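Novice: The listed protein sequences correspond, in order, to chains G and A.
Residue 107 in UniProt numbering sits at position 107 of the first sequence, and the numbers go up by one each step.
Residue 93 in UniProt numbering sits at position 93 of the second sequence, and the numbers go up by one each step.
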Amino acid sequence: MMETGRRGFFKQIFTAGVALAASGMSAVHPRKAEASVQERIRGICLYVPTLGKASDFVEMMNNNAPGSWTAHPLTGSLTEHYFTTRQLYAEAQGNANTFVGVVDPATFAIVHEAIVDSGGSFHYVTYEERDRVTFSARM
Amino acid sequence: MSRFIALPKGVSEQTFAKAIQEYRAILGEDRVLTDPASLQSYMKIMIPETEELHKPSAAIYPRTVKDIQAIVAIANKYKTPLWTVSTGKNMGYGSAAPATRGQIVLDLKTMKKIIHVDEELGYCLVEPGVTYYDLQQYFRKHKMNLWVDVPAPSAMASPVGNTADRGVGYTPYGEHFLVSCGMEVVLANGDVIRTGTGGVQNSTSWQSSKWGYGPYLDGLFTQSNLGIITKLGVWLLKGPPPGGYMPFLMKFPKVEMLADIVKTFMPLRLAQIIPNACVVVNAGWEAAGYFTYDKNGKGTNRSTFYKGKGSLPPKVFQEIMDKFKIGAWNFYAALYGSPEQVALNWKYVSGAFKAKFGNQVQIITEKEAKDDPIFEYRRQLMMGGSTLQEFGLYNWRGGGGSMWFAPVAAARPSECDKQMRIATDILNKHGFDYVSEFIVGWREMHHIIDLLYDRTQPDEMHRAYQCFEELLNVFSKNGYGTYRTNTAFMEKAAKTYGPEMRKIHRTLKIALDPNNILSPGKSGINLDIPL
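#1: Less than 8 angstroms between the beta carbons of K210(A) and G198(A), yes or no?
#2: Starting from the beta carbon of R455(A), find every residue of chain G whose beta carbon is closer than 8 angstroms, and list them in chain order.
#3: Looking at the C-beta of A369(A), does it have a partner C-beta in chain G at a distance below 8 angstroms?
#4: At the 8 angstroms Cβ level, is P373(A) part of the contact set with chain G, yes or no?
#5: Give the straight-line distance between the Cα atoms of Q40(A) and F122(G), rounded to the nearest whole angstrom.
#6: So A328(A) packs on V255(A), CB below 8 angstroms; how close in whole Å?
#7: In this structure, how does DSSP classify N62(G) when only helix, strand and coil are distinguished?
#8: What distance in whole Å lies between the Cβ atoms of P153(A) and L388(A), which are believed to be in contact at a cut-off of 8 angstroms?
#9: Would DSSP call Q362(A) helix, strand or coil?
#10: A54(G) to D104(G), Cα distance in whole Å?
#11: Give every residue of the same chain whose Cβ lies closer than 7 angstroms to the Cβ of Y173(A), excluding the five residues on either side of it in the sequence, and list them in chain order.
#12: Which complete alpha helix (DSSP H) runs does the segment 237-325 of chain A hold, if anything under 4 residues is left out?
#13: Kindly identify the DSSP beta-bridge partner or partners of C45(G).
#14: Using a Cβ cut-off of 8 angstroms (strictly closer), state whether V116(G) contacts chain A.
#15: Residues of chain G with a CB under 7 angstroms from the CB of F391(A): which are they?
#16: The ligand HEM and L270(A): does the residue's C-beta get closer than 7 angstroms to at least one heavy atom of that ligand?
#17: Would you decide whether W396(A) is buried or exposed? Buried here means 16 or more other CB atoms lie within 10 Å of its CB.
#18: Please identify the residue among R42(G), S68(G) and E113(G) whose C-alpha is closest to the C-alpha of Q87(G).
#19: Quick check on P30(G): does DSSP put it in helix, strand or coil?
#20: So the candidates are S203(A), A288(A) and W346(A); which of them puts its Cα closest to the Cα of M250(A)?
#21: Just tell me which of K315(A), L393(A), Y216(A) and E340(A) has its CA closest to the CA of A288(A).
#22: Is the beta carbon of T87(A) sitting closer than 8 angstroms to the one on G28(A)?
#23: Looking at V361(A): is its Cβ nearer than 8 angstroms to the Cβ of F265(A)?
#24: Could you confirm whether any beta carbon from chain G is found closer than 8 angstroms to the beta carbon of A37(A)?
#25: Taking C-alpha atoms, which residue in I115(A), K77(A) and I273(A) lies nearest to W442(A)?
#26: Go ahead and pull the three-state DSSP assignment for R379(A).
#27: For Y394(A), go through chain G and note every residue whose CB falls closer than 7 angstroms to its CB, in chain order.
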């Protein structure tokens, strides 16, 4: 189970990410938003295993933004993270409407470029802590 | 409120809107972007300055040389500066963000043609959006036994971008500008020139003969804002036969051994017994690499070992070295050729180090390294493979701040030792760690220091800026130039090369780009700023 503080953190980031993705809004900076979702969430969440378990991520996302969520751990080398993200982002096109992530700084550096190189851009990117970055990419 | 997130200096919103309209007329709506979300990726900087200073006004994506000619015509008409990137992976040097606010990012990643690969002579001609990985895939697909020398972000960086910034790699072709051959460049007035022998009608040697006739121009378009490179020739290595590549690592236990390490390998390097751009890596850099590979699935970084303020004490550094079984210095190099040549050269190399260091050196070859991830990362780099493992550095301290401080040292033992001591003192004084590698060129070292800091902490941002500035000043006073720098310090680095150099750079800029539309601020060349 996740600690309470982290629950609150996920509630904020995923609610904001989902609302923005679903409404087509865009923002350079993170923002709180009401979850006025117009369509059912079909979301992909990337995460690095050091920051939590898949079941925790799925549970939190379903609590805060109900829908169909799939959590993908980024394992292996940073090189693999790059190619895995490119593949997941490409597969998500047309199949998902939300693409978010909770990753460490090194992984973020790679994942960011993978999404950009796949033609993607971002609703927001936030360093929540020194060792944890959250983001929501546009689909 | 403006409908643009930033405007070029001195350009009104109305004028900028007209310019955007004209860009869209030639490129289409989807290749001229001004919305905040699309531009956000260009603001992912790692330097200790606010994103506001580097915010672009737009991003445009040409596909052809003709597109670029049309773009520079509009840029001249409306004075909208263009910050050119190839794939924009200059992480630690400013990423893809413009040097100054309001420039339009001219993103060439959409120009992705591998125009020609010549297996017989080992060269290729590529556009700016082609990555090293694309080339490797091409070789594989066409069953070509060719290697391309790569920088650390090989999987996503481009030969054009890296060569244009005079980047380096790790094979015998590690000096990228040296192994480039022939450029096509669009000038600010829309003219297209081909350097070297490229101007000869139906040239048959554009990628095989570098110099052409008359003054050699290619250097003018590296680390510069005098033209836009649209094609580049790159020399490729022939892969050695089976058994003809031998990467190795030598670990040394004490920081004070650096001078003796240099003294031992430089004769071997100069004799081409060690032919590649080998590296001497310090413990901080080496330890950072292991973060991602904790086999228990647990992150181990700097804070695992030290929670205090300031730089890591020597005692903690020793703990880290013991934990990861790494040296205070870690020398990675490789031998190439026929198996017989490699075996013979290995006798010279291992013999020289054993004679000098006895049991103080630990020698690791592929056999001993087994599946060690950091050895594998170096093995890949020294054979032109794709790896992004270097970016594990960003987890070592966390917070997303990184600046490469990159002074050059003559490859003498005393110079390397002196640089290491000066850098360590300054970094530690500001509360940062010395995290470095020396990349060994022909007769010089690129001393690459990663100043890692937390961008989420204003105090660390401030200290990082002050620290980098002091490094630049003190190194300069000691006669050490920096070979490359980030966008926050381009103006200051340019000053260290003296007023005459600045004057000639400016004279060239006025002659070739009088409206200052090409990447103003690159390498400190900017007609908007008086000398």
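Ideal Cβ positions, reconstructed from N, Cα and C, are used throughout, including at glycine.
Keep in mind the model is a prediction, meaning the values are calculated, not measured.
Specialist: Reading off the structure:
#1: no
#2: Y127
#3: no
#4: yes
#5: 7 angstroms
#6: 5 angstroms
#7: helix
#8: 6 angstroms
#9: strand
#10: 16 angstroms
#11: D149, V179, W235 and L237
#12: 258-270, 283-289, 302-305 and 314-324
#13: A71(G) and V100(G)
#14: yes
#15: L78, A106, A109 and I110
#16: Absence of the ligand HEM from the depicted structure is noted, as is the absence of any ligand whatsoever, leaving it without description.
#17: buried
#18: E113(G)
#19: Note that P30(G) scores 37 on pLDDT, short of 50, meaning its location in the model is unreliable and no value can be drawn from it.
#20: W346(A)
#21: L393(A)
#22: no
#23: no
#24: yes
#25: I273(A)
#26: helix
#27: P105, A106 and A109
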